[in-house]
Amino acid sequence: MQVIREIDQLRDLIGNERRLGKRIGFVPTMGNLHEGHYSLLSIAREHAELTVASIFVNPTQFGVGEDFSRYPRTPEEDRAGLSGKGCDVLYLPEQEAIYPFGLERAVKICVPELGDMLEGAKRPGHFDGVATVVARLFNLVQPDLAVFGNKDYQQLLVVRRMTRDLGFPVRIIGAPIIREANGLAMSSRNQYLDGQQRETAGVIHSTLQRMCERAVAGIETLAQIEADASASLSSAGLSPDYALFRRAEDLGAPSDRRGEDLVALIAARLGPVRLLDNQVLRR
Ligand code: PAF
Numbered sequence: 000m001q002v003i004r005e006i007d008q009l010r011d012l013i014g015n016e017r018r019l020g021k022r023i024g025f026v027p028t029m030g031n032l033h034e035g036h037y038s039l040l041s042i043a044r045e046h047a048e049l050t051v052a053s054i055f056v057n058p059t060q061f062g063v064g065e066d067f068s069r070y071p072r073t074p075e076e077d078r079a080g081l082s083g084k085g086c087d088v089l090y091l092p093e094q095e096a097i098y099p100f101g102l103e104r105a106v107k108i109c110v111p112e113l114g115d116m117l118e119g120a121k122r123p124g125h126f127d128g129v130a131t132v133v134a135r136l137f138n139l140v141q142p143d144l145a146v147f148g149n150k151d152y153q154q155l156l157v158v159r160r161m162t163r164d165l166g167f168p169v170r171i172i173g174a175p176i177i178r179e180a181n182g183l184a185m186s187s188r189n190q191y192l193d194g195q196q197r198e199t200a201g202v203i204h205s206t207l208q209r210m211c212e213r214a215v216a217g218i219e220t221l222a223q224i225e226a227d228a229s230a231s232l233s234s235a236g237l238s239p240d241y242a243l244f245r246r247a248e249d250l251g252a253p254s255d256r257r258g259e260d261l262v263a264l265i266a267a268r269l270g271p272v273r274l275l276d277n278q279v280l281r282r
């Protein structure tokens, strides 16, 4: 695995590989890699002949008072892990490569509506930061395809929308959620949980499953199912921000139309962490 910090070097390497006819598969990350990230890499490897992963803890997607400075940074483990999983290139940009004019003056990309609701309402500016850094990385890496986890469902939709709207010739692939044995979706932030909290957090996945089963049964209203889901999370000791159904396509309010896929989304606080999870429901 080649580890590259300089953009000129990255461009030369990728240009040469592309001239050899290789497709470039890209997995952007913020590091502190776990099985969820490695599954993104293995999907990229199925679709591309050269895989590039990046690690960059992107300051613009963290709000004031969020965990940017203490976000777990594990460069040695990440490097060994990626290399062991067959990653070809690891790009480690400096902040200056991503934001050459500094954070205050950086051009921003925002994805209205989709980026303002749910997580965007809770964390104003978060998706501007995500859309901006992903667009910037796409320009630097120039991949043919990029893989993002379904776990951050809203992020995946924001990235898809940004990619289409700005005309990037990049295919976006959503990857299945990887879970712990008790159903907890893998996330770098899970390590802020203690053992007991990790166990408790399994209730998020079982609640999503139950929400989807009840929606399929079609006996109760979605509002009733949502209210019960929030109550189950609260009684397990979590503080839910939301447990609801939205249209899978664009997170709009669901209708009763058959054939319209839904997504059940949960965001809940447990101890020091806000946990996100979702389940898509095909109708
Ligand atoms: O999902 C993440 O790790 C980040 O939001 C991403 C897509 C790498 C952008 O910084």
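For the sequence shown, position 119 matches number 118 in numbering that gives the first Met the number 0, and the numbering has no gaps at all.
Glycine residues also receive a C-beta, built at the ideal position from the N, C-alpha and C atoms.
Just so you know, these numbers come straight off a predicted model, no measurement behind them.
So what does DSSP say about Pro27, is it helix, strand or coil?
The answer is strand: DSSP assigns Pro27 an E or B state.
Does DSSP put Ile265 in a helix, a strand or coil?
Reduced to three states, the DSSP call for Ile265 is strand.
Cβ of Met29 versus every heavy atom of ligand 3: is any distance shorter than 6 Å?
With respect to small molecules bound, the structure shown includes ligand 1 and not ligand 3.
Does DSSP put Ala47 in a helix, a strand or coil?
Coil.
Per-residue burial, Glu76 [other beta carbons within 10 Å of its own, 16 or more giving buried]
That one is exposed.
Is Val26 near ligand 1, judged by its Cβ being under 6 Å from some heavy atom?
False, no ligand heavy atom lies under 6 Å from that Cβ.
Name the one or two DSSP bridge partners that Arg170 has.
Leu144, per the DSSP bridge assignment.
Could you tell me the distance, in whole angstroms, from the CA atom of Gly217 to the CA atom of Cys211?
Approximately 10 Å, taken between the alpha carbons.
So what does Val272 bridge to, in DSSP terms?
Under DSSP, Val272 forms a beta bridge with Leu269.
Which one of Gln195, Ile177 and Met0 has the shortest CA to CA distance from Ser38?
The shortest Cα separation from Ser38 among Gln195, Ile177 and Met0 belongs to Ile177.
Using the Cα positions of Leu269 and Asn189, report the straight-line distance between them to the nearest angstrom.
C-alpha separation (whole angstroms): 10 Å.
So does Val129 have its beta carbon nearer than 6 Å to some heavy atom of ligand 1?
The answer is yes for Val129.
Residues in the same chain with beta-carbon distance under 8 Å from Asp193, minus the five sequence neighbours each way, listed in chain order, please.
Gly270, listed in sequence order.
CB-CB length for Asn277 against Leu261, believed under 8 Å
Asn277 to Leu261, Cβ: 10 Å. No contact.
For Pro239, which beta-bridge partners are listed by DSSP?
Among the bridge pairs identified by DSSP, Pro239 is matched with Ala267.
Reduced DSSP secondary structure (H/G/I, E/B, other) of Ala222
Residue state, collapsed to three classes: helix.
Counting C-beta neighbours from all protein chains within 10 Å, is the total for Gly101 16 or more, i.e. buried, or is it exposed?
Exposed: under 16 other Cβ atoms inside 10 Å.
Please state the DSSP three-state secondary structure of Arg286.
Past the edges of the chain, shown from 0 to 282, lies residue 286, and the structure says nothing about it.
Assigned secondary structure, Ile177 (DSSP; H/G/I helix, E/B strand, else coil)
In the structure shown, Ile177 sits in coil (DSSP, three-state: anything other than H, G, I, E or B).
Shortest alpha-carbon distance to Arg170 belongs to which of Asp143, Gly236 and Cys109?
When only C-alpha atoms are compared, the closest one is Asp143.
Run through the stretch 62-143 for me and flag every whole alpha helix (DSSP H) of 4 or more residues, listed as ranges in chain order.
Within the stretch 62-143, the runs of alpha helix (DSSP H) at least 4 residues long that lie entirely inside it are, in chain order, 74-83, 94-97, 118-121 and 125-140.
Taking 7 Å as the CB-CB cut-off, is Arg268 touching chain B?
Structure shown: chain B not included; a single protein chain is present.
Reducing DSSP to helix, strand and coil, say where Ala200 ends up.
The answer is coil: DSSP assigns Ala200 none of H, G, I, E or B.
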